[in-house]
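Below you'll find the structure, written out as structure tokens, and then a few comments.
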Amino acid sequence: MKKLVFLIASLALALYGTILFAGPEVEQAAFKAYFHNKFPDVDKADFINGVYALDKNAREQWVEIEEFPPYEIAIDEGELLFNNTRFTDGKSYGHCFGTGQHLRKKYPYFDEERAQVITVELAINDCREKHGAKPLKYKIGDLAKISAYLSYHSRGDVIDVIVSGSAAIQAYNKGKEYYYTKRGQLNFACVDCHVSSAGKRLRTEILSPSLGHVSHFPVYRLKWGSIGTLHRRFSGCNSQVRAKSQPGQSEDYRNLEFFLSYMSNDLKFNGPGVRR
Amino acid sequence: MFFLISLSSTYALSKGTLETETTRVEQGEKLAFDRKKGNCLACHTIGVGTMSGNLAPPLFAMRERFPNPEKLVQQISNSLLNNEDSIMPPFGLHGLLNEEQISKIVDYLYTL
């Protein structure tokens with residue numbers, strides 16, 4: 041009897057510990073399960089296609105757009121920029137990134153030495169500055185094009201963000217806190233639109249699910265008429281809820297990207313994408 | 718004569734009241750549909766409004782559902798008081814709409 045009581049007590053303690061110290065792994069499983077249960081008919085791998093995984097009509101239109109994808113020019117221009125740029129010291133992007141193939145899956149990662157999240161866009165500008173060139177704008181233009189080129193050559197690679205060590209977990213938690221915090225005059229948190237309301241319509245627009253959100257960036261948005269980075273979209277979301285948007289690669293945005301990417305682990309990169 | 722004058726003023730008054738109420742309802746509808754004010758159609762299906770979202774419940778039979786107008790005013794002004802997890806923007810608390818505008822929207826909603 042004593043043994044049984046001890047066993048039950050141990051199990052209860054273990055369960056309590058799991059809930060109290062859920063941690064990234066448990067949170068990721070719960071996050072994925074939520075979407076899988078909410079949309080049982082959607083193939084788990086299809087969440088990388090956002091609203092087009094949820095809505096048949098929207099998907100049909102998107103498939104037609106993909107026949108002549110508007111992001112192709114950005115990929116071509118990004119390739120030229122990546123291969124032909126020579127910095128003042130004679131070096132090129134290749135000195136930082138090799139061939140540029142299958143690069144996207146390395147980012148974002150937590151750099152222990154620098155004690156911060158490093159994204160692919162930050163790494164591009166780090167490379168430039170290391171070789172004496174001025175940094176590019178983070179949300180639009182040449183940097184988004186180079187990112188599009190790199191994403192294209194990482195299609196099919198698996199998102200595999202590692203959150204390990206107290207400093208990385210702290211960055212993850214900051215990203216999570218940003219995601220769940222209501223802000224702006226309209227008082228919306230990211231979670232309000234992209235988890236609990238995913239699949240519903242805001243006016244005529246279907247709200248995309250957060251699972252798979254990061255897989256297809258940068259994107260060419262018809263609304264923008266150009267290619268833009270994930271952080272351009274973050275700042276657009278901030279503006280839409282009438283909150284102060286942040287500069288591209290701000291610490292908040294990088295932590296948010298870190299959190300969101302970890303939530304989408306095991307899905308495949310399919311950028312660049314096209315969205316309305 | 719006095720009767721006629723009195724009847725006439727009563728008529729004028731009731732006509733004026735009617736006009737005022739109609740105007741308030743019309744203004745309320747305009748405020749509810751205006752994307753820079755209530756923008757209620759972003760989330761709710763409402764009356765003759767077009768291109769509405771379905772994020773939140775459709776608004777109909779409002780007098781039956783909210784017999785107490787104060788409760789409806791509170792829901793618009795600060796929905797978090799009723800439900801702390803609500804995703805409805807607190808229109809009054811965050812200065813999206815003033816009291817008079819919310820009051821007109823309530824007048825309009827009671828026609829649904």
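Residue numbers (my numbering), protein chains in the order written: chain A, 41 to 316; chain B, 718 to 829.
In this text, a Cβ means the ideal position worked out from N, Cα and C, and glycines have one as well.
For A/N227, the chain B residues whose Cβ falls inside 7 Å of its Cβ are P806, P807, H811, in order along the chain. Beta-bridge pairing by DSSP links A/F228 to A/R223. By the neighbour-count criterion, in which 16 or more other beta carbons inside 10 Å mark a residue as buried, A/H76 falls on the exposed side.
Closest in C-alpha terms to A/P148, from the list A/I246, A/A93, A/I164, comes A/I164. The C-alpha of A/D166 lies about 56 Å from the C-alpha of B/L826. The beta carbon of A/L242 sits closer than 8 Å to some beta carbon of chain B. Considering only B/D802, B/E743, B/I819, B/N799, the residue with the shortest C-alpha distance to B/K754 is B/I819. Short of 8 Å from the beta carbon of A/K222, and not among the five residues preceding or following it, lie these beta carbons of its own chain, in chain order: F228, A229, D232. When C-beta distances to chain A are compared with 8 Å, the residues of the segment 753 to 785 of chain B below that value are L758, A759, C760, M768, S769, G770, N771, L772, in chain order. Taking C-alpha positions only, B/D824 is separated from B/V790 by approximately 10 Å. For the pair of segments examined, the segment 169 to 181 of chain A was found to touch the segment 266 to 273 of chain A: the number of CB pairs separated by less than 8 Å reaches three.
Contact check for B/I804 and A/S248: beta-carbon distance about 16 Å, past the 8 Å limit, so the pair fails to qualify. What A/S248 touches in chain B, judged by beta-carbon distance under 9 Å, is nothing: the nearest beta carbon there is about 13 Å away.
In the DSSP assignment, A/S191 falls outside any beta strand (DSSP E) and lies within the alpha helix (DSSP H) extending over 182 to 192. Residue burial is scored here from C-beta neighbours: A/K96 has fewer than 16 other C-beta atoms within 10 angstroms and is therefore classed as exposed. For the segment 275 to 289 of chain A, the beta-carbon criterion of a distance under 7 Å to any beta-carbon of chain B is satisfied by none of its residues.
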